[in-house]
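Below is one structure, written out as structure tokens; comments come after it.
See below:
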């Protein structure tokens with residue numbers, strides 16, 4: 001019996017070590033909002049296929065993590081001389097879904113309801129978020145996309161790595177997984193950036209995000 005308990009403890013310790021050593025996604029460079037790029041009149045417009053696009057999210061706390069998706073409501077890319085020159089995207093904050101808890105479990109609805117509440121994204125007051133492209137450049141072999149992200153009427157410019165491909169009349173953009181610091185958009189609940197003495201009841205400020213967008217001309 002003691003041997004079994006010891007074995008379980010070793011496995012648990014190894015599991016904790018594995019997840020603790022998991023490489024954390026890099027935070028997107030975040031700074032003050034910038035002026036959007038001026039798009040050439042002769043640029044081509046690509047309309048986002050909202051059903052073929054997705055935003056995946058993952059949040060963390062000391063006792064575990066949650067992950068899910070959120071949808072784009074609309075968006076477009078402006079392409080000039082074969083390169084993305086601009087774009088503007090609207091995120092449907094009411095579309096937040098959690099995927100790690102079974103959909104028919106009441107805990108799922110409780111979590112999603114909490115994320116939509118004033119504690120987090122206050123979707124009744126702020127039903128959409130927006131991202132407006134301000135630049136695209138090559139840096140150390142990576143394509144870096146910059147844009148103004150507005151959440152809850154707070155705007156910051158973020159920069160993160162993406163892969164872009166174009167085939168016939170379809171443009172595809174996919175990001176590497178990156179993080180944003182929610183406290184920079186005044187999403188305060190359970191944040192050690194705003195509250196003291198939370199103990200192990202805090203929720204990490206970093207939210208992991210992976211973006212995949214398809215658009216057609």
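In the UniProt record's numbering, the protein residues as written are 1 to 217.
Beta carbons are placed, not taken as given, at the ideal position from N, Cα and C, and that holds for glycine.
This structure is a prediction, so every number in the text was calculated from the model and none was measured.
Query raised in the report: Rounded C-beta distance between residue 112 and residue 96? I'm assuming under 8 angstroms.
Result: 6 angstroms
Report task. Measuring alpha carbon to alpha carbon, tell me which of 62, 25, 44, 70 ends up nearest residue 212. Result -> 70
Query raised in the report: What residue does the beta strand (DSSP E) around residue 44 start on, and which one ends it?
Result: 44-48
**Report entry** Three-state secondary structure (DSSP) of residue 86
**Finding:** strand
Requested in this report: Pair every Cβ in the stretch 152-165 with every Cβ in the stretch 173-180, then say whether three or more of these pairs are closer than 8 angstroms.
Outcome: yes
Query raised in the report: Alpha carbon to alpha carbon, how far is residue 31 from residue 67?
Result: 26 angstroms
Query - beta strand (DSSP E) segments (min. 3 residues) lying fully within the stretch 144-215 - result: 154-167, 170-175, 178-181
Requested in this report: Indicate the three-state DSSP secondary structure (helix, strand or coil) for residue 61 in the structure shown.
Outcome: strand
Query raised in the report: Do you know how far the Cα of residue 56 is from the Cα of residue 92?
Result: 13 angstroms
**Report entry** Through-space distance from residue 147 to residue 90, alpha-carbon basis
**Finding:** 13 angstroms
Query raised in the report: Is any heavy atom in the ligand ADP found nearer than 6 angstroms to the beta carbon of residue 179?
Result: Of ligands this structure carries none, so the ligand ADP is not represented either.
**Report entry** Same chain only: Cβ atoms within 8 angstroms of residue 143, ignoring 5 sequence neighbours per side
**Finding:** 136, 137, 161, 162, 163, 164
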